[in-house]
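Visitor: Have a look at this one before I ask anything.
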Amino acid sequence: GIGCYSQLLTLVHHASQKFLTLHGRAPPIATGIKMANPKLKPIVFSGDGDCYGIGGNHLIHICRRNLDCVILVFNNSIYGMTGGQGAPTTLFGAASTTTPYKMFENRIDGIKLAIDAGASYVARTTVAHPRTLMKYFRKALKHKGTSVIEIITPCVTYFGRKNLDSLGTEYLGIKGQKMDNTGIMIDWIKKITVRINQAKFMTEKELFNKYIIGEFKFDPDKPEYSEEYEKIKKIAMGRSDE
């Protein structure tokens, strides 16, 4: 996809095959790659605006099909590359280029979207939990089906400098400070994340503007799209085994 995270392509091993797609269009490109060569496993790098905003429709359908791929969504709660505009994931009350007073819209929950659309492995973690991220990524690589892992990341330039680290804990009445460096933002991310087992015992007010982290769905038995397509090809050629 298109975004700050797309620079990861420069860090990926030179022997891998890499594509820089149009904004929001990474899922259909991944679908084409997988269908052309089912032996490959596409790994999609996408931002929150790229995946849930302009590419939201494509995310729905790749999850619906349960195509064997890994989708890593880097959620920094802002459109970081294009000037800091408010995104579908921007926290309520946050300031951005397009919401200078505050964000008044409800944010989208990409985890719920992926689950409802049909992804067979769905998880969320943060850059403050690197070991957990590695664990989820390894699991996604071995899983046969659509894996969606959302990673909460900092954007000091366009989000941190415009907002206080009390965002997400307003109900406590604590005065915050500007998040003008990465360290403060990482601490803030830790502060507003809640583990899935803990969230079950919290009120809606306590969970407001928080990120629930953990594994939300794992269905290893769900039929995978490219394998089901091969069965249809056999039927069409009169060579069905069923």
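Be aware that the sequence shown starts at -7, since it is given in the numbering used here, and climbs by one per residue.
Just so you know, even glycine gets a beta-carbon here, dropped at the ideal spot from N, CA and C.
The structure presented is a predicted model; accordingly, all values stated were derived computationally and were not measured.
Closest to E207 by C-alpha separation, out of G165, A120, S112, would be which residue?
Guide: S112
Visitor: Check whether the stretch 164 to 175 touches the stretch 118 to 127, counting contact only when three or more Cβ pairs, one atom from each stretch, lie closer than 8 Å.
Guide: no
Visitor: Use the C-beta contact count for T13: other C-beta atoms within 10 angstroms, 16 or more gives buried, fewer gives exposed.
Guide: Around the beta-carbon of T13, 16 or more other beta-carbon atoms lie within 10 Å, marking it buried.
Visitor: When DSSP labels each residue in this structure, what does K127 get in the three-state scheme?
Guide: Here K127 sits in helix by DSSP.
Visitor: Just checking: is the beta-carbon of K167 within a distance shorter than 8 Å of some beta-carbon in chain B?
Guide: Among the chains of the structure shown, chain B does not appear; only one protein chain is present.
Visitor: Taking buried to mean at least 16 other C-beta atoms within 10 Å of its own C-beta, is L236 buried or exposed?
Guide: Outside the shown range of the chain (-7 to 234) lies residue 236, about which nothing can therefore be said.
Visitor: My output table needs one value for Y113: the three-state DSSP class, helix, strand or coil.
Guide: strand
Visitor: Within the continuous beta strand (DSSP E) that includes N201, where are the two ends?
Guide: N201 -> no beta strand (DSSP E), and no H or E assigned at all.
Visitor: Do the stretch 55 to 72 and the stretch 36 to 46 make contact, defined as three or more Cβ pairs closer than 8 Å?
Guide: yes
Visitor: What did DSSP end up calling K182 once you bin it into helix, strand or coil?
Guide: helix
Visitor: Check whether the Cβ atoms of P34 and H135 sit closer than 8 Å, and answer yes or no.
Guide: no
Visitor: In the structure shown, what three-state DSSP assignment does S218 receive?
Guide: helix
Visitor: Measuring only the C-alpha atoms, how far is P146 from T118?
Guide: Distance between P146 and T118, taken at the CA atoms: about 9 Å.
Visitor: Check for me: the beta strand (DSSP E) holding C61 runs from which residue to which?
Guide: Counting along the chain, the beta strand (DSSP E) containing C61 begins and ends at 61 to 67.
Visitor: Taking I21 as part of the alpha helix (DSSP H), name the residues at either end of that continuous run.
Guide: Note, I21: alpha helix (DSSP H), 18 to 28.
Visitor: What do you get for E220, buried or exposed, if any count of 16 or more other CB atoms within 10 angstroms of its CB means buried?
Guide: exposed
Visitor: May I have the straight-line CA-CA distance separating M73 from I178, to the nearest angstrom?
Guide: Rounded to whole angstroms, M73 and I178 show a C-alpha spacing of 20 Å.
Visitor: Give the single residue among T90, Y71, G75 whose Cα lies nearest to the Cα of T81.
Guide: When the alpha-carbon of T81 is set against those of T90, Y71, G75, the nearest one is in Y71.
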